[in-house]
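In full-length UniProt numbering, the protein residues as written are 1 to 335.
All residues carry an ideal CB built from backbone N, CA and C; glycine is no exception.
Just so it is clear, the structure is predicted and the values come from calculations on it, not from any experiment.
Data first, discussion second: the structure below is written as structure tokens.
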């Protein structure tokens with residue numbers, strides 16, 4: 001008589017059921033974990049499916065499997081978004097660690113082939129950084145890395161050093177001198193400052209003097225919360241012009257040019273970005289009369305991903321697309 005059969009029969013009914021249940025339990029796949037993380041972050045089935053390149057039925061099927069596996073709804077639909085349950089909140093950090101192990105730790109030292117790779121990169125940069133960098137990156141991905149995805153997060157909504165250390169961010173791009181010592185950096189290019197004024201400005205033509213600058217009203221886009229180098233320029237303008245000289249503050253540079261276009265206000269901003277807004281007979285670009293040190297735009301990454309082939313590919317691509325000097329090397333950050 002089969003001894004295994006005898007043991008099974010002798011087991012209490014509840015124990016036999018538990019053994020069968022564990023045996024039949026499905027394995028959670030990496031793809032299902034990606035689905036979970038994407039829904040958790042985006043709070044939307046539609047947006048998560050689009051990000052992962054899946055149909056909504058396929059994503060819903062993966063979510064149904066996870067709900068069965070963990071015996072919890074995980075996400076509950078509300079009128080505006082998918083709300084995470086307490087169980088999902090408990091799971092998210094472990095899921096992200098697991099994905100980091102698969103996407104980074106296990107791939108360290110392996111060859112990264114962008115033509116067939118299926119993975120995403122997360123960049124952290126300002127609204128102006130997105131305006132200048134994202135179109136070229138996306139065009140390159142489309143032509144040479146069709147399955148590579150890009151996600152952009154603003155610096156005001158995330159702790160950049162912590163995000164790099166935990167793998168939530170792959171690269172920070174901008175001018176952030178306060179990033180911590182375990183972050184590497186590479187200079188991409190240096191930028192000057194210019195002023196945007198209305199083409200119909202009654203007092204300013206093709207140039208502006210310091211006296212004119214101080215006497216005019218200004219639009220200020222605040223960068224203080226993000227630790228961007230521009231915050232020093234912001235303080236300089238307020239020191240020279242006084243609080244009364246600031247006509248309006250806006251949280252983003254993208255919101256500022258329309259205000260200048262329809263008024264006689266001035267907007268001081270990095271030249272490379274300002275050129276995107278200057279238009280004949282609408283907005284004029286003039287040299288800024290302030291003595292401001294050049295803005296050094298850099299890419300920053302964590303030492304944990306310094307030797308990872310996928311990260312190296314991304315950093316090299318960013319430098320080739322936007323670097324002004326190929327002699328720049330990535331070095332540990334120092335003040």
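Just the C-alpha distance for residue 304 and residue 69, rounded to the nearest angstrom, thanks.
-> For the purposes of this step, residue 304 is taken as the residue at position 304 of the chain shown. For the purposes of this step, residue 69 is taken as the residue at position 69 of the chain shown. If I take the Cα positions, the gap works out to 32 angstroms.
Helix, strand or coil at residue 211 [DSSP, three-state] = Position 211 of the chain shown, counted from the start, is the residue given in the question as residue 211. The answer is helix: DSSP assigns residue 211 an H, G or I state.
Cβ contact check for the stretch 148 to 165 and the stretch 194 to 213: 3 or more pairs under 8 angstroms | no
In angstroms, rounded to a whole number, what distance separates the CA positions of residue 184 and residue 292?
-> Mapped onto the chain shown, residue 184 falls at position 184. Mapped onto the chain shown, residue 292 falls at position 292. Roughly 25 angstroms separates the two Cα atoms.
Which residue comes first and which comes last in the alpha helix (DSSP H) that contains residue 195?
-> Position 195 of the chain shown, counting from 1, holds the residue named residue 195. Residue 195 -> not in any alpha helix (DSSP H); beta strand (DSSP E) instead, spanning 193 to 198.
Determine the direct distance from the alpha carbon of residue 127 to that of residue 243, and round the result to whole angstroms.
-> Locating residue 243 in the chain shown gives position 243, counting from the first residue. Locating residue 127 in the chain shown gives position 127, counting from the first residue. Rounded to whole angstroms, the separation of the alpha carbons of residue 127 and residue 243 is 25 angstroms.
How would you call residue 216, buried or exposed, if buried means at least 16 neighbouring beta carbons within 10 angstroms?
-> The sequence position of residue 216 within the chain shown is 216, counting from 1. Classification of residue 216: buried, given that the 10 Å Cβ count is 16 or more.
List the DSSP bridge partners of residue 132.
-> One-based indexing of the chain shown puts residue 132 at position 132. Paired residues: none, contrary to the question.
Mind reading off the beta-carbon distance from residue 115 to residue 144? Whole number of angstroms is fine, and I expect it under 8 angstroms.
-> Walking along the chain shown from the start, residue 115 turns up at place 115. Walking along the chain shown from the start, residue 144 turns up at place 144. About 7 angstroms; that satisfies the 8 angstroms criterion.
For residue 167, write down the residues that DSSP places opposite it in a beta bridge.
-> On the chain shown, residue 167 is found 167 positions in, with the first residue counted as 1. The partner list for residue 167 (beta bridge, DSSP) is empty, contrary to what the question assumes.
Identify whether residue 34 lies in helix, strand or coil by the three-state DSSP scheme.
-> Translated into the one-based positions of the chain shown, residue 34 becomes position 34. It is helical.
What span of residues does the alpha helix (DSSP H) with residue 89 cover, start to end?
-> Mapped onto the chain shown, residue 89 falls at position 89. Run containing residue 89: 86 to 100, per the alpha helix (DSSP H) assignment.
Please look up how many angstroms separate the CB atoms of residue 268 and residue 195, rounded, as I've assumed it's under 8 angstroms.
-> As a position in the chain shown, residue 268 is number 268, starting the count at 1. As a position in the chain shown, residue 195 is number 195, starting the count at 1. About 5 angstroms separates the two Cβ atoms, so the contact holds.
In or out: residue 29 buried (at least 16 other Cβ within 10 Å) or exposed?
-> Numbered from its first residue, the chain shown carries residue 29 at position 29. So residue 29 ends up on the exposed side.
Which of helix, strand or coil does DSSP assign to residue 111?
-> Taking the first residue of the chain shown as 1, we reach residue 111 at position 111. Of the three classes helix, strand and coil, the one that applies to residue 111 here is coil, per DSSP.
Could you tell me whether the Cβ atoms of residue 136 and residue 321 are closer together than 7 angstroms?
-> What you label residue 136 is simply residue 136 of the chain shown in a count that begins at 1. What you label residue 321 is simply residue 321 of the chain shown in a count that begins at 1. Yes, Cβ-Cβ distance for residue 136 and residue 321 is below 7 angstroms.
Apply the 10 Å Cβ neighbour rule to residue 101 and answer buried if 16 or more other Cβ atoms are within range, or exposed otherwise.
-> Here the question's residue 101 lines up with position 101 in the chain shown. Exposed, because fewer than 16 other Cβ atoms sit within 10 Å of the Cβ of residue 101.
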